[in-house]
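Chains as they are written, first to last, in the working numbering: chain A, 1 to 139; chain B, 140 to 278.
There are 2 protein chains.
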Amino acid sequence: MQATLTLKEGMHFVGTTDNGLEASFDASRDHGGTGQGPSPMQMMLQSVAACSALDIVSILHKRRRTITSMAIDITAERADTHPRVFTSMHLHYRIVSPDATNEEVRRAIELSQDQYCSASAVVKRSGCPITWDWELAEA
Amino acid sequence: MQATLTLKEGMHFVGTTDNGLEASFDASRDHGGTGQGPSPMQMMLQSVAACSALDIVSILHKRRRTITSMAIDITAERADTHPRVFTSMHLHYRIVSPDATNEEVRRAIELSQDQYCSASAVVKRSGCPITWDWELAEA
Numbered sequence: 001m002q003a004t005l006t007l008k009e010g011m012h013f014v015g016t017t018d019n020g021l022e023a024s025f026d027a028s029r030d031h032g033g034t035g036q037g038p039s040p041m042q043m044m045l046q047s048v049a050a051c052s053a054l055d056i057v058s059i060l061h062k063r064r065r066t067i068t069s070m071a072i073d074i075t076a077e078r079a080d081t082h083p084r085v086f087t088s089m090h091l092h093y094r095i096v097s098p099d100a101t102n103e104e105v106r107r108a109i110e111l112s113q114d115q116y117c118s119a120s121a122v123v124k125r126s127g128c129p130i131t132w133d134w135e136l137a138e139a
Numbered sequence: 140m141q142a143t144l145t146l147k148e149g150m151h152f153v154g155t156t157d158n159g160l161e162a163s164f165d166a167s168r169d170h171g172g173t174g175q176g177p178s179p180m181q182m183m184l185q186s187v188a189a190c191s192a193l194d195i196v197s198i199l200h201k202r203r204r205t206i207t208s209m210a211i212d213i214t215a216e217r218a219d220t221h222p223r224v225f226t227s228m229h230l231h232y233r234i235v236s237p238d239a240t241n242e243e244v245r246r247a248i249e250l251s252q253d254q255y256c257s258a259s260a261v262v263k264r265s266g267c268p269i270t271w272d273w274e275l276a277e278a
């Protein structure tokens, strides 16, 4: 994998992947940012949820289940001292589907968290536990 | 820290931070994505560079050095088997400054990588080494 990160102005950086996709990063306002994008740790947090989200979509689609809507609420705690790594993370999966069962959703999340999700594995191997739960509503 | 990730369509998710900043994530094209944003692991990779980049800007500014331009080239290797974690990462810092010395730039990167950069610390604690070098040009 390759990417390049380039300073635009102030603390605003734009990342460009080797396939030409862009993302903006900025410092938080209390560290000199001007709201041009999420902070790097906000982005890392969301990467974990996005990585797992793609697994869930993929697994449920392979089982021919319909996902009407899906969202993940992510919360994390960080260490008080530098480097301020994640110390705990929780993912709350919210799925609306007309045909997926609770057991299918639970199993999809479990497969993602225990086997497939690369970003979750990086965080867990760093020593930060990831907990999760879910709610499933019928479409 | 809090954020919410929401499915838009297909494999395209939008993350929204608790301070209202958005970022798009998508699966790679060979996994059903349509190029609406970087993949989660591309974003995690860039988070590491952005986290360190903000440190460097902050440290050099505290030393009253001018940064004319700055970019980081990031490369990473990943495991062949699931979960496909990062196995090595390299950051090449490119800085143009009229007044910063090579030693000041080297020291700024070292402080970031060894003490301050939260995202780099997460990756290193996961077992993935991060190497780095830099080039400094006069403005």
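Cβ coordinates follow ideal geometry from the N, Cα and C atoms, glycine included.
Three-way DSSP call (helix, strand, coil) for residue i in this model
i      : result
R63/A  : coil
H221/B : coil
S257/B : helix
L45/A  : helix
D194/B : helix
L250/B : helix
E281/B : Chain B is shown only over 140 to 278; residue 281/B falls outside these bounds and no answer can be derived.
A276/B : strand
A100/A : coil
A165/A : What the structure shows of chain A is the stretch from 1 to 139, and residue 165/A is not part of that stretch, so it cannot be assessed.
Alpha-carbon spacing of residue i relative to residue j, whole angstroms
i      : j      : result
A3/A   : N19/A  : 9 angstroms
S265/B : I109/A : 21 angstroms
F225/B : M209/B : 25 angstroms
C267/B : M44/A  : 16 angstroms
A81/A  : G154/B : What sits at residue 81/A in the sequence shown is Thr, not Ala. Spanning the two alpha carbons is a distance of roughly 27 angstroms.
V96/A  : E103/A : 14 angstroms
S28/A  : Q181/B : 21 angstroms
L111/A : V244/B : 44 angstroms
E22/A  : S259/B : 21 angstroms
A239/B : G33/A  : 22 angstroms
K8/A   : D169/B : 31 angstroms
R107/A : F164/B : 23 angstroms
H12/A  : E274/B : 21 angstroms
G10/A  : R203/B : 14 angstroms
L91/A  : L144/B : 10 angstroms
T17/A  : G174/B : 11 angstroms
V196/B : S257/B : 15 angstroms
Counted within 10 angstroms of its Cβ, other Cβ atoms place residue i as buried (16 or more) or exposed
i      : result
K124/A : buried
A278/B : exposed
H200/B : exposed
Sequence-distant residues of the same chain with beta carbon closer than 7 angstroms to residue i, five excluded per side
i      : result
Y255/B : D194
P237/B : T205, T207, E277, A278
Q113/A : S52, S120, I130, W132
Whole-angstrom C-beta distance between residue j and residue i, which should lie under 8 angstroms
i      : j      : result
A76/A  : M228/B : Not quite, the Cβ-Cβ distance comes to about 21 angstroms (not below 8 angstroms), so this is no contact.
P40/A  : A189/B : 4 angstroms
Y232/B : I211/B : 5 angstroms
V261/B : V122/A : 7 angstroms
Any non-hydrogen atom of the ligand HEM closer than 8 angstroms to residue i Cβ
i    : result
Q2/A : The ligand HEM is not part of this structure, which contains no ligands at all.
Residues of its chain near residue i, where Cβ-Cβ distance is below 8 angstroms and the 5 sequence neighbours each way are ignored
i      : result
Q185/B : P177, I213
Minimum Cβ-Cβ distance from residue i to chain C less than 9 angstroms
i      : result
T270/B : Of the chains in the structure shown, none is chain C; the protein chains are A and B.
Neighbourhood of residue i by C-beta distance below 6 angstroms, restricted to the same chain and skipping five residues each side
i     : result
A79/A : V85, T87
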